[in-house]
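Counting in my numbering, the sequence shown runs from 4 upward without gaps.
To start, the structure under review is shown below, and the notes come after it.
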Amino acid sequence: MENITGEDVIERFKQLSANFIKAITTIEKWEEYQNAQDYYYTEIIAQ
């Protein structure tokens, strides 16, 4: 069992938060991309 200080916990939490935010940002970008694709294809079909 390692000794974990309060600072270690905060550091690890920051890392997790940063990774979580990155993941969410990536998902949002992907969804925007998908929406753009859907819109594009809808336009082509409509014409």
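A virtual CB, placed ideally from N, CA and C, is assigned to each residue, including glycine.
Which class does residue i belong to by DSSP, given the choice of helix, strand or coil?
i: E5; result: coil
Cα separation between residue i and residue j?
i: D11; j: K32; result: 32 Å
i: T28; j: E46; result: 27 Å
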